[in-house]
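Note that the protein sequences, when read in sequence, are chains X and B. For the first sequence, my numbering gives the first residue as 52, with consecutive numbering after it. For the second sequence, my numbering gives the first residue as 52, with consecutive numbering after it. The beta carbon of each residue, even a glycine, is placed where N, CA and C say it ideally should be.
2 protein chains.
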Amino acid sequence: MKIIISIKKMYTFSQKMHLKGKRIGFVPTMGYLHAGHLSLIKKAREENDVVVVSIFVNPLQFGPKEDFKMYPRNLKRDIDLAQNAGTDVIFYPSTQQMYRKDFKTYVLVSDLSERLCGKFRPGHFKGVTTVVNKLFNVVQPDVAYFGRKDAQQAIIIKKMVQDLNLPLKIKVMPIVREKDGLAMSSRNVYLNPQQRKNASIIYTALKEAEKLVKEQVRDSLRISSEVKKIIAPKVDRIDYIEIVDLKNLLPVKIIKEPVLLAVAVWLGKCRLIDNTILKPH
Amino acid sequence: MKIIISIKKMYTFSQKMHLKGKRIGFVPTMGYLHAGHLSLIKKAREENDVVVVSIFVNPLQFGPKEDFKMYPRNLKRDIDLAQNAGTDVIFYPSTQQMYRKDFKTYVLVSDLSERLCGKFRPGHFKGVTTVVNKLFNVVQPDVAYFGRKDAQQAIIIKKMVQDLNLPLKIKVMPIVREKDGLAMSSRNVYLNPQQRKNASIIYTALKEAEKLVKEQVRDSLRISSEVKKIIAPKVDRIDYIEIVDLKNLLPVKIIKEPVLLAVAVWLGKCRLIDNTILKPH
């Protein structure tokens, strides 16, 4: 496995692969890899000739009061995990290289970036689309893999790729969960033992929502109230519990087609997101 | 010469060329080609294996009260001119294809887009960078050619390419002028005979500014006042006459290194821009 830290070298490597007719699968990450990331790498391994994993904690997607500095990092462990999952190249650029002093270009997917998490993390998705656009230009992948846990992110990136005619496919893979149902996240390390125990309530509530839909409940408000009732006692704060359209992320009142139930909550200093797709048929 | 109207076919063509190791030179235009465009196409012909010229009047870069509808168009003439200048492919996509109904992704170069013309045409450069980004993704050029007449545009596009790590080079070619010095522009057809005659005053004033700098004048205000004095009697309105830094486009008071003298004026319904680089040494 190669580790490439230079943007220019990464680009040259990808160019060379393309000239040989090789297909590049790409998994962009912020490192501190968990089983969710590894499932993306394994999928990329199955479907491509070359697998590139980027590790870059992107300052542009963190708000000034958010956890950029304390975000967990462990390159050595990431290298081992990525290699074992079948990575060919880790792309590990420096912040200085990615954002030069006079950096001033941004990619924004309007509307979608302001909904759900966008309301609570202004500028977050602009940071995500800008860095992902840059990474796509450098790595030149044929396919890029994202996790369904960040459902809004995946929807926004798909839209960016469509609108800007980026020459690649986006694949969104299922959420990987801990035994008790908590969605895998690098941020789960922020939880203390009690919070970690309480955090499984999110999955319990999502399952309850799915059950209600199976029992023919179609009223979003009734479902989200039920979810709130289950989650509220075990968390410190709820940012949102919303049932939204899968394309425009706008609230849906009556569930007629598959919709996204998305949740963001706080346990102490740890903000967790999770979601499920509610299917009425 | 090929005419390609489908985004997908354009992309496939470029991919095929790259796999053959061919170098693609690209000249993005809004059509109604003149000698300025043709100089770009000829340069692209000299330096590349394949020359692609796009013709697309981009609605996104026109304000609601601007001349999108009346902007001159003549595809038949453009095809002849482009072919004679050495074009291999004209890419002529439809607006519907470029901007689907739910289009919502924008590329913005902050700061630079708000200066000079940006003050008078809010949203203009956002429209330019968004469409040029799309065209680059579709055409996949190795080099793209722009005219120095749109100096701010060229500076902004270079910045976008640098910041987003787009894998291509931007080349900026000299302004091509009519015999009396008026910079070639598709919009010159808006001028009536009297306005057309008066319009040459812009070049006269730019030359005078160059002369002053040669005579060791370094005070920007003195130079721009002189330019204004020359131009004002022959035009209906002056949007700006500014002497700015070539990198950040901010006003320069004392000329110590090469700076941009940029001018935007109106003659009737025709807005003309022109510029020169003032070199103190």
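Can you tell me whether residue i is helix, strand or coil according to DSSP?
i                : result
ILE92 (chain X)  : helix
GLU261 (chain X) : helix
LYS209 (chain X) : helix
ILE282 (chain X) : helix
TYR150 (chain B) : coil
PHE197 (chain X) : strand
GLU293 (chain X) : strand
PRO79 (chain B)  : strand
LYS59 (chain B)  : helix
LYS185 (chain X) : helix
ALA313 (chain B) : strand
VAL108 (chain X) : coil
ARG74 (chain X)  : coil
LYS53 (chain B)  : strand
LEU318 (chain X) : strand
VAL240 (chain X) : helix
VAL102 (chain X) : strand
Would residue i pass as a contact of residue j if the rule is Cβ separation under 8 Å?
i                : j                : result
VAL286 (chain X) : VAL316 (chain X) : yes
ASN99 (chain X)  : ILE130 (chain X) : no
TYR157 (chain X) : LYS177 (chain X) : yes
VAL295 (chain B) : LEU318 (chain B) : no
VAL78 (chain X)  : HIS88 (chain X)  : yes
ILE55 (chain X)  : PHE142 (chain X) : yes
LEU233 (chain X) : ALA250 (chain X) : yes
ALA205 (chain B) : VAL179 (chain B) : no
GLY114 (chain B) : HIS175 (chain B) : yes
ALA260 (chain X) : LEU329 (chain X) : yes
LEU132 (chain B) : LEU84 (chain B)  : yes
ILE253 (chain B) : LEU323 (chain B) : yes
GLN199 (chain B) : PRO218 (chain B) : Rather than Gln, the amino acid found at residue 199 (chain B) in this sequence is Arg. Going by C-beta atoms, ARG199 (chain B) is not nearer than 8 Å to PRO218 (chain B).
LYS209 (chain X) : LYS155 (chain B) : no
VAL182 (chain B) : LYS220 (chain B) : no
PHE119 (chain X) : PRO144 (chain X) : no
VAL303 (chain X) : VAL278 (chain X) : no
LEU159 (chain X) : LEU159 (chain B) : yes
LYS307 (chain X) : PRO331 (chain X) : yes
Would you give the residue range spanned by the beta strand (DSSP E) that residue i belongs to?
i                : result
PHE142 (chain X) : 140-142
ASN326 (chain X) : 321-329
ALA268 (chain X) : First, the amino acid is wrong: residue 268 (chain X) is Val here, not Ala. That residue, VAL268 (chain X), is in no beta strand (DSSP E); it is neither H nor E in DSSP.
LYS220 (chain X) : 220-224
TYR157 (chain B) : 156-160
Assuming the contact rule is C-beta atoms closer than 8 Å, residue i and residue j should be a hit. Round their C-beta distance to whole Å, please.
i                : j                : result
TYR62 (chain B)  : VAL227 (chain B) : Contact flag wrong, Cβ pair sits at about 31 Å.
ASN326 (chain X) : ALA136 (chain X) : Not quite, the Cβ-Cβ distance comes to about 24 Å (not below 8 Å), so this is no contact.
GLN191 (chain X) : SER65 (chain X)  : 4 Å
TYR196 (chain X) : LYS94 (chain X)  : 6 Å
VAL240 (chain B) : PRO110 (chain B) : Not really, about 20 Å apart at Cβ, beyond 8 Å.
THR138 (chain B) : ILE92 (chain B)  : 6 Å
LEU263 (chain X) : ILE274 (chain X) : 5 Å
GLY293 (chain B) : LEU167 (chain B) : Residue identity check: residue 293 (chain B) is Glu in the sequence provided, not Gly. With a Cβ gap of about 6 Å, GLU293 (chain B) and LEU167 (chain B) count as contacting.
LEU257 (chain B) : CYS321 (chain B) : Between CYS321 (chain B) and LEU257 (chain B) the Cβ distance is about 18 Å, and since that is not below 8 Å, they are no contact.
ASN216 (chain B) : ILE58 (chain X)  : 6 Å
Could you tell me the boundaries of the alpha helix (DSSP H) in which residue i lies?
i                : result
ALA234 (chain B) : ALA234 (chain B) -> no alpha helix (DSSP H), and no H or E assigned at all.
LEU300 (chain X) : That residue, LEU300 (chain X), is in no alpha helix (DSSP H); it is neither H nor E in DSSP.
ALA136 (chain B) : 126-136
ARG247 (chain X) : 244-249
PHE171 (chain X) : 168-171
Practice prompt. Identify each residue in the stretch 143-156 of chain X for which the Cβ-Cβ distance to at least one residue of chain B is less than 9 Å, and report them in chain order.
Written response: Within the stretch 143-156 of chain X, the residues whose Cβ lies closer than 9 Å to some Cβ of chain B are MET149, TYR150, ARG151, ASP153, PHE154, LYS155 and THR156, listed in chain order.
Discussion item. Output needed in chain order: residues of the stretch 183-203 of chain B with a Cβ under 8 Å from some Cβ in chain X.
Written reply: The residues in question are ASN184, LYS185, ASN188, VAL189 and GLN191.
Practice prompt. Could you please tell me which residues of the stretch 205-224 of chain B, in chain order, have their CB closer than 7 Å to any CB of chain X?
Written response: Going along the stretch 205-224 of chain B in chain order, one finds LYS210, MET211, ASP214, LEU215, ASN216, LEU217 and PRO218 with a Cβ nearer than 7 Å to chain X.
Fill in: Short-range partners of chain X found in the stretch 76-108 of chain B, where Cβ spacing is below 9 Å
Per Cβ criterion, the list is empty.
Practice prompt. Could you please tell me which residues of the stretch 120-137 of chain B, in chain order, have their CB closer than 8 Å to any CB of chain X?
Written response: Along the stretch 120-137 of chain B, none of the residues has a CB nearer than 8 Å to a CB of chain X.
Worksheet item: Name the residues in the stretch 161-174 of chain B whose C-beta lies less than 8 Å from a C-beta of chain X; which are they?
Response: Answer in chain order: SER161, ASP162 and LEU163.
Item to complete: Scan the stretch 229-246 of chain X for residues whose Cβ lies nearer than 9 Å to a Cβ of chain B and list them as they occur along the chain.
Response: Answer set for the stretch 229-246 of chain X: empty.
Discussion item. Against chain X, which members of the stretch 303-327 of chain B pass a CB distance test of less than 8 Å?
Written reply: Per Cβ criterion, the list is empty.
Worksheet entry | Interfacial residues, the stretch 274-297 of chain B to chain X, with Cβ spacing under 9 Å | Residues: none.
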